[in-house]
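Accompanying notes for the structure given below.
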């Protein structure tokens with residue numbers, strides 16, 4: 001009710017759960033892991049997320065059980081705070097402020113009273129003594145630097161038993177040396193051998209013996225003993241891994257050593273009988289971290305594909321917690337499966353993942369390539385590069401590609417039929433080498449009746465091909481090529497079907513050709529020199545007579561297909577153009593320096609329906625409209641376009657951060673959703689209030705704490721009403737702010753009008769623009785008055801309700 | 001936990017014939033019984049009454065065979081010269097046959113001596129038939145005449161001298177006792193009415209007519225002559241309906257399947273073609289060892305009997321239902337694996353407690369070796385003689401998989417002469433196959449790279465390398481020619497299509513068409 005039609009960009013999940021090693025609780029019932037700005041609590045038996053510990057404002061970099069109370073957990077974050085949580089109920093107990101809140105880019109937790117922080121420039125190991133006090137907010141004062149020049153890789157720091165003897169890798173010394181501060185002075189163990197590729201990767205300390213295990217880049221594990229005597233240490237080497245050992249861990253009793261690496265095999269070595277070892281192969285992808293429960297019954301392995309596997313004593317995988325897989329790149333566009341309404345994108349190598357947007361949960365992975373994945377560096381693998389769904393969701397088309405060195409690229413086009421029984425896609429047809437060169441674009445015909453589906457694929461070899469599903473009497477239906485088209489030997493870039501499937505537009509560099517799929521006649525050509533077309537999009541519903549296109553020379557063009565002429569065009573650098581399948585609206589992402597603007601417009605008129613400046617920093621690479629589960633009923637003009645669907649987009653954070661800082665997510669899945677107004681239920685209301693900048697702590701506490709820890713309701717009531725009064729003040733501020741924004745938007749539109757007037761544009765569009773501009777502010781002022789009245793009314797009603 | 005994914009064997013579309021309802025029907029015959037006769041078999045006729053014996057006319061004899069016997073149940077030998085055209089009467093009691101000595105003989109099927117002899121023709125009689133009232137006989141002769149004879153008193157009723165060449169085929173109407181049609185080497189078909197003295201309809205076939213067939217409804221007439229089979233509509237005054245030219249030698253015999261849905265034509269080119277009688281497309285094809293002169297189908301298509309120039313009579317009987325079921329059961333040749341499947345399809349009941357057991361994956365031998373990264377051994381397995389010769393797609397798939405893993409070079413290297421010869425042999429056999437070329441060409445290059453140093457040390461390998469080179473040169477020439485043809489076709493299509501207003505839509509279409517014909521750049525589809 002405060003924020004009317006305030007469109008915000010929110011982070012919707014899909015964060016990494018494998019950035020730090022997970023923590024298993026003492027009773028082995030829960031598993032805690034850092035996930036973006038939150039700490040997630042999973043049940044080890046059901047794989048469900050039980051709690052979501054929210055509070056940090058930046059990436060969480062470490063999670064640690066409190067040794068003195070096994071029901072509490074510490075977490076530290078890049079925002080410079082350490083928080084103490086009760087994970088069984090999911091409440092925040094204490095916040096401790098770190099000193100170096102500015103320069104912390106990477107930190108991890110090791111002990112109850114020591115927090116290790118590594119600063120960006122120095123990579124220093126710092127001990128922070130967390131003061132014991134009963135306050136909510138505590139500032140840590142006592143700090144002591146233990147070591148400088150440590151490795152930024154958290155796995156390369158370990159703690160020994162009892163004494164604080166953390167062996168560390170020091171970059172100052174030759175790579176591959178261990179420093180360990182015994183009492184005060186650090187000692188150096190040199191592990192470097194001549195010509196060996198044995199950089200230290202990870203370290204583990206034996207819980208009972210004086211023994212350190214180190215994992216190296218050449219796949220060897222060394223066990224160091226007798227290191228307390230200078231220069232008299234001995235070591236033994238274990239070798240099974242053929243690639244770098246990425247994680248090492250002793251079991252709590254110290255009887256076994258676990259190691260894992262790129263081979264995705266968990267190896268269990270017997271301590272002192274190192275020739276005996278057990279293997280758990282085929283864990284899916286490379287192991288990044290290993291964790292062991294305090295009682296030693298459960299092992300957890302984090303994997304590079306954002307997955308945590310829970311293993312029962314190295315024999316059986318009992319559960320798999322899978323997050324959104326952030327592949328190296330999302331080469332398939334973001335897609336929405338029309339049946340499950342889930343987001344479809346690249347997942348594990350050779351797989352597609354179906355990700356539920358509503359529940360922030362991976363539904364399933366579909367194996368597209370269906371080949372054994374060989375973990376080897378430098379090996380060219382098949383990658384899924386294109387996906388397309390037909391309108392009812394009965395067919396899916398995928399393109400996979402592999403580019404061997406000095407050979408022709410291997411391309412396979414696969415068509416999948418939806419199987420009602422298994423509720424999954426089943427391979428129907430494989431076309432090997434559908435084109436001679438890379439496929440640039442692929443789309444299904446949008447025919448509403450769904451009788452004859454047609455797929456069109458355009459390729460760099462200069463042809464586009466239409467694929468159809470002929471009904472064969474004797475065998476099951478399979479797809480075959482129906483038509484091959486080209487235009488002056490140019491390479492087609494994008495293809496697009498009109499809403500009713502009666503027209504196909506294919507762009508060949510700067511020329512758009514329009515074909516009739518029924519007779520395969522070239523109907524007309526549209527061209528807008530001088531640069532190549534980048535994106536093509538047909539209008540939907542009422543605007544289906546328009547064809548939108550963007551060119552490389554920063555031009556957004558709209559053609560009218562009835563007159564075959566340019567309706568309007570405007571100069572803007574559109575990086576991404578997409579249309580909402582449910583409404584007439586189209587969204588254009590416009591990349592300015594450092595940030596991206598979003599414009600929403602209807603093809604029938606050049607005036608944007610809504611425009612958002614600087615929705616995010618960096619370039620938006622992929623975006624998709626996902627339909628809402630239930631339609632919103634909002635009458636406000638600027639937010640109406642989000643009534644039926646939500647816009648999701650993917651950005652690429654071009655931050656110059658060292659790659660070894662594993663914490664930085666290269667991709668952030670951002671969801672855009674409108675704060676909705678509702679007045680019917682108290683809980684919903686406060687849930688809406690919560691993310692306000694001055695969001696009252698009292699309400700947050702009231703609603704997040706379980707009932708049995710709260711004081712009685714009568715005490716809380718006055719506090720609650722007070723908090724509501726605060727929000728009224730907020731509201732007035734907000735409305736002022738809104739007015740300001742309105743003005744600024746007007747200015748923007750003016751400037752845009754100037755921009756447009758420079759470009760050639762048909763005459764009738766401009767008067768409409770003028771009138772609309774003049775009408776808009778008056779309308780919103782009236783609305784604001786109305787709005788204020790509504791607010792006053794509401795509060796009276798609410799106060800009545802609360803007092804009664 | 002991800003399990004091992006076995007090597008994907010590509011399924012290639014089968015070239016050649018498709019499995020249709022027709023092929024299933026016409027293939028459902030047993031292996032033929034072959035009987036040696038004394039000369040070329042000119043005519044076969046089935047008795048219209050059970051047990052459907054058939055008369056085979058060959059040289060100077062007519063043998064009558066029972067439906068299942070391989071020995072003749074009866075032999076008629078009272079011919080002075082070559083016999084022609086032994087035909088049963090519709091009650092199966094009498095049989096008539098012409099002869100080279102111009103005498104027509106009528107036999108009782110149970111007796112041996114001729115009942116009647118019809119003398120009057122001056123040259124060999126190749127055509128004999130009974131009219132539908134059973135009392136008259138039609139004959140056609142090399143003296144250009146055809147005559148009607150009365151059986152009871154053995155007299156000539158009428159003589160028609162309208163043909164100007166040998167009369168070699170003729171058929172009587174089964175519905176009207178007065179109508180009959182004759183075909184002659186003067187290229188004409190003539191429809192006669194016994195009540196009139198002249199022919200009532202004449203059709204020109206264009207070639208010497210060898211065989212005639214009336215449909216059961218007698219509205220349509222089929223004639224065969226030269227390489228053509230033609231269908232005529234008698235009710236429209238002999239209008240030609242369809243002309244088919246599917247044989248490459250003279251068509252000698254026609255017959256109709258028992259339900260009237262399929263037409264069969266036999267020819268001197270050793271083939272029998274089966275046509276669909278609604279669209280006259282060839283739906284099946286039989287091969288025989290020699291030129292076929294005569295063909296007959298038993299009622300209900302129980303057997304197909306063909307007589308050939310090399311005096312072999314081939315009888316194919318239809319398989320009984322249990323036999324055909326048996327054969328399909330025999331095709332599943334590996335019962336050992338089925339033992340393991342036993343009980344797997346048992347559906348658990350409601351109260352059953354399920355004890356789960358890890359299911360063991362059944363893997364082929366090369367997959368087991370690939371799983372343990374034994375790349376050389378898996379290549380050996382895939383190159384085993386049976387696989388290499390019978391299932392080259394498996395060998396190719398394993399080579400492809402090794403290439404994908406980047407270990408093909410390792411697998412190929414360090415082999416002895418014999419092994420290399422075997423591999424080169426496989427390459428020579430399959431390299432130019434368009435299905436395998438994309439995979440085998442890089443492999444061949446790799447072999448040359450690996451063994452470049454030892455070329456010239458083994459005469460066996462050198463010979464094969466030369467053969468491979470020859471093969472590749474020839475293939476490159478073919479491709480060159482094909483590209484030239486493609487270019488020619490493109491110009492032809494571009495010039496023949498009307499020029500439209502929009503620029504160059506025609507060329508694009510031509511490209512699409514021409515590519516389809518050339519078949520080299522066509523994508524290969526496979527159903528999985």
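Residue numbers (full-length UniProt numbering), protein chains in the order written: chain A, 1 to 804; chain B, 1 to 528. Ideal Cβ placement from N, Cα and C applies to all residues, glycine included.
Beta carbon proximity, residue i to chain A, threshold 9 angstroms
i	result
residue 392 of chain B	no
residue 7 of chain B	yes
residue 591 of chain B	The requested residue 591 of chain B is not part of the displayed model; chain B covers only 1 to 528.
residue 262 of chain B	no
residue 437 of chain B	no
residue 452 of chain B	no
residue 389 of chain B	no
residue 10 of chain B	yes
residue 401 of chain B	yes
9 angstroms Cβ cut-off: residues of chain B touching residue i
i	result
residue 379 of chain A	404, 405, 406
Under 8 angstroms by beta carbon: chain A residues contacting residue i
i	result
residue 3 of chain B	282
Under 8 angstroms from the C-beta of residue i: neighbouring residues of chain B
i	result
residue 407 of chain A	442
Beta carbon proximity, residue i to chain B, threshold 9 angstroms
i	result
residue 401 of chain A	no
residue 610 of chain A	no
residue 404 of chain A	yes
residue 433 of chain A	yes
residue 263 of chain A	no
residue 807 of chain A	As displayed, chain A neither begins before 1 nor continues past 804, which places residue 807 of chain A out of reach and without an answer.
residue 376 of chain A	yes
Option in the options with minimal Cα separation from residue i
i	options	result
residue 11 of chain B	A:519, A:432, A:406, A:621	A:432
residue 42 of chain B	B:169, B:488, B:447	B:169
residue 389 of chain B	B:423, B:418, B:404	B:423
residue 298 of chain A	A:16, A:717, A:31	A:31
residue 413 of chain B	B:379, B:433, B:439, B:222	B:379
residue 805 of chain A	A:539, A:310, A:303, A:392	The structure shown has nothing for residue 805 of chain A, since chain A only spans 1 to 804.
residue 439 of chain A	A:485, A:76, A:411, A:424	A:411
Residue interval of the beta strand (DSSP E) (run including residue i)
i	result
residue 491 of chain B	Taken as a continuous stretch (DSSP letters only), residue 491 of chain B belongs to no beta strand (DSSP E), being part of the alpha helix (DSSP H) at 459-496.
residue 261 of chain A	256-261
residue 9 of chain B	Segment: none, residue 9 of chain B is in no beta strand (DSSP E) and carries neither H nor E.
residue 375 of chain B	First-last for residue 375 of chain B: 375-382, but that is the alpha helix (DSSP H), not the beta strand (DSSP E).
residue 308 of chain B	303-308
Limits of the unbroken alpha helix (DSSP H) element including residue i
i	result
residue 392 of chain B	392-405
residue 271 of chain A	Looking at the DSSP string, residue 271 of chain A is not in any alpha helix (DSSP H), and its letter there is neither H nor E.
residue 418 of chain B	417-430
residue 369 of chain B	365-371
residue 530 of chain B	Any property of residue 530 of chain B remains undetermined from this structure, which presents chain B solely from 1 to 528.
residue 441 of chain B	437-450
residue 27 of chain B	21-27
Could you list the residues in the region 363-374 of chain A with a C-beta less than 7 angstroms from some C-beta on chain B, going in chain order? 370, 371, 372, 374
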